[in-house]
Ligand SMILES: *[C@@H]1O[C@H](CO)[C@@H](O)[C@H](O)[C@H]1NC(C)=O
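So, in structure tokens, the structure goes:
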């Protein structure tokens, strides 16, 4: 038993090390490889070898895994499923928490079994953004406003009862003080995604037509970095269910989406999308997805999008911005790696001050995932 455990630990270490190595190799190859004309460059030998090692190690591990039912003595039987224990040990993501002890301390500073401190929700967000998802959450009761949301709107464009937002989390104290461009002015939001002012726009009517023409029904969607969930609101009018990932950085985006009756997923861009493989018809990446994200993180995100999209599903890259030269050299080839059909590919100059200064362009692309590989 002790020997098996020792061996398992050793193999586990080996596996983690090889994984890290391949990650390192992948990232270095990505940086040093110049884009070539060949869309499918051969996989380097060392990567293939590492992949074989990883697979062999996993096979070995699973063969040697003691069967928890038959070999665990009854005295040490716990109610925790063995899978859970295994993955708790493996989870490398939690290590992100260790790198931010100050934030973690601030977050965990509370009196158990009493109401959470006033800044509680906002203290969690910096940790989540750094890849640390401290669970289980505190043993304190999350705060609510003492105002009952008397009339929640049935329509996502009707005014929301803003006194049911816990404003202690924010610098501003009401919706009117927020910049109207942020998505909190529902009169402005009502017209979004409906019209086409330039080639960079893709009105919803056009999106639905394209889907219909390719006999690909839109029922379920995911909007990444979707702010106050206006895309979901407009799609709701089309009887399409869209869930929205959004943070509450500086403004109550999650609360607003929820008050509008739309599902807000509080998660940052680097997190795995919490849906199963191949289950959504459409993924939209909004303005939050742009050149500010590290290229590796963006690549991981795109592959996760690919994971959750069903065959024939659509990826809508909505106004991704980067330097013009990077779009040609880095981001274009990166998106190209997915092997999706380009239904729309429009590039236009970003004409605001920082766009002009940095030679930036916008890309709006509608891409369709192949039905089979
Ligand atoms: C959405 O569903 C409702 C109820 O079934 C229906 O009346 C309406 O026409 C549908 N709207 C669209 C755009 O399909």
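In mature numbering (1 follows the signal peptide of the UniProt record, and there is no 0), the protein residues as written are -22 to -1, 1 to 351. Backbone N, C-alpha and C fix where the C-beta goes; we use that ideal spot for every residue, glycine too. Here the structure is a predicted model, which means the values were calculated and not measured.
- ligand 1 heavy atoms versus the CB of residue 184: any closer than 7 Å? No.
- Proximity of residue 266 and residue 248 at Cβ, strictly below 8 Å: Not closer than 8 Å, so no.
- ligand 1 heavy atoms versus the CB of residue 217: any closer than 7 Å? Because some heavy atom of ligand 1 lies under 7 Å away, the Cβ of residue 217 counts as near it: yes.
- Item | Assumed close pair residue 280, residue 313 - CB separation to whole angstroms, cut-off 8 Å | Between residue 280 and residue 313 the beta-carbon gap is near 7 Å, inside 8 Å, which marks them as a contact.
- Message: Please return the same chain residues whose Cβ sits closer than 6 Å to the Cβ of residue 164, not counting the five positions on each side in sequence.
- Response: Its chain contains 135 as the residues whose beta carbon lies nearer than 6 Å to that of residue 164, once the 5 sequence neighbours on both sides are disregarded; these appear in chain order.
- Query: Would you call residue 234 buried or exposed, if buried means 16 or more other Cβ atoms sit within 10 Å of its Cβ?
  - Reply: Classification for residue 234: buried.
- Task: Kindly indicate which residue of 324, 161, 138, 318 has the alpha-carbon position closest to the one of residue 351.
- Result: Minimum Cα distance to residue 351 is reached at 318.
- Task: Leaving out five residues on either side along the sequence, give the residues of the same chain with a beta carbon under 6 Å from the beta carbon of residue 170.
- Result: Beyond the five residues adjoining it in sequence on each side, residue 170 comes within less than 6 Å, by CB distance, of 208 in the same chain, given in chain order.
- Between the stretch 298 to 308 and the stretch 254 to 262, do three or more beta carbon pairs fall short of 8 Å? These segments do not touch.
- Task: Could you tell me the distance, in whole angstroms, from the CA atom of residue 198 to the CA atom of residue 229?
- Result: Distance between the alpha carbons of residue 198 and residue 229 is about 27 Å.
- Query: Which first and last residues belong to the beta strand (DSSP E) in which residue 340 is found?
  - Reply: Looking at the DSSP string, the run of the beta strand (DSSP E) that includes residue 340 is 338 to 346.
- Message: Within a Cβ cutoff of 6 Å, which residues of the same chain sit near residue 375, ignoring the five residues on either side of it in sequence?
- Response: The chain is shown from -22 up to 351; residue 375 falls before or after that span and cannot be answered.
- Item | Beta-carbon gap between residue 96 and residue 84 smaller than 8 Å | The beta carbons of residue 96 and residue 84 sit no closer together than 8 Å.
- Task: Using the Cα positions of residue 221 and residue 246, report the straight-line distance between them to the nearest angstrom.
- Result: Their backbone Cα atoms lie some 14 Å apart in a straight line.
- Query: Do residue 345 and residue 325 come within 8 Å of each other at the CB atom, strictly closer than that value?
  - Reply: In this structure, residue 345 does not lie closer than 8 Å to residue 325 by Cβ.
- Message: Taking 8 Å as the threshold (C-beta atoms), are residue 150 and residue 144 in contact?
- Response: Their beta carbons are not under 8 Å apart, which means residue 144 does not touch residue 150 by this criterion.
- Query: Got a sec? Which residues, its chain only, sit under 8 Å from residue 300 by beta carbon, not counting five neighbours each side?
  - Reply: When the five nearest sequence neighbours on each side are left out, the beta carbons in the same chain lying within less than 8 Å of the beta carbon of residue 300 are those of 268, 269, 308, 309, 338, 339, 341, in order along the chain.
- Query: Where does residue 294 sit, in a helix, a strand or coil, going by DSSP?
  - Reply: For residue 294, the three-state secondary structure derived from DSSP is strand.
- residue 88 versus residue 81 - alpha carbon distance: Their backbone Cα atoms lie some 13 Å apart in a straight line.
- Query: DSSP on residue 5, reduced to helix/strand/coil?
  - Reply: Residue placement at residue 5 is poorly supported in this model, since its pLDDT is 47, which falls under 50; the coordinates still yield a value, given next. Three-state DSSP puts residue 5 in a helix.
- What distance in whole Å lies between the Cβ atoms of residue 237 and residue 138, which are believed to be in contact at a cut-off of 8 Å? With a Cβ gap of about 4 Å, residue 138 and residue 237 count as contacting.
- Message: Rounded to the nearest angstrom, what separates residue 106 and residue 179 at their Cα positions?
- Response: C-alpha separation (whole angstroms): 32 Å.
- Message: Does residue 99 come out as helix, strand or coil in the three-state DSSP assignment?
- Response: Three-state DSSP puts residue 99 in a helix.
- Task: Assign residue 255 to buried or exposed, taking buried as 16 or more other Cβ atoms, counted over all protein chains shown, within 10 Å of its Cβ.
- Result: Exposed, since its Cβ has fewer than 16 Cβ neighbours within 10 Å.
- Exposure label - residue 293; buried when at least 16 CB within 10 Å: By the neighbour-count rule (16 or more Cβ atoms within 10 Å), residue 293 is buried.
- Message: Suppose you measure from the CA of residue 201 to the CA of residue 185; what does that come to, to the nearest Å?
- Response: Taking the straight line joining both Cα atoms gives about 14 Å.
- Message: On the DSSP letters alone, give me the boundaries of the alpha helix (DSSP H) that residue 273 sits inside.
- Response: Per DSSP, residue 273 belongs to the alpha helix (DSSP H) from 273 to 286.
- Alpha-carbon to alpha-carbon, residue 215 and residue 153: Their Cα atoms are separated by approximately 24 Å.
- Message: Just to confirm, is the Cβ distance from residue 252 to residue 224 under 8 Å?
- Response: Taking 8 Å as the cut-off, the Cβ atoms of residue 252 and residue 224 do not count as close.
- Backbone secondary structure at residue 150 - three-state DSSP: DSSP places residue 150 in the coil class of the three-state scheme, outside both helix and strand.
- Task: With a 10 Å radius around its C-beta and 16 neighbouring C-beta atoms as the bar for buried, classify residue 129 as buried or exposed.
- Result: Exposed, because fewer than 16 other Cβ atoms sit within 10 Å of the Cβ of residue 129.
- Message: If the criterion is Cβ atoms closer than 8 Å, does the pair residue 147 and residue 99 meet it?
- Response: The answer is yes: Cβ separation under 8 Å.
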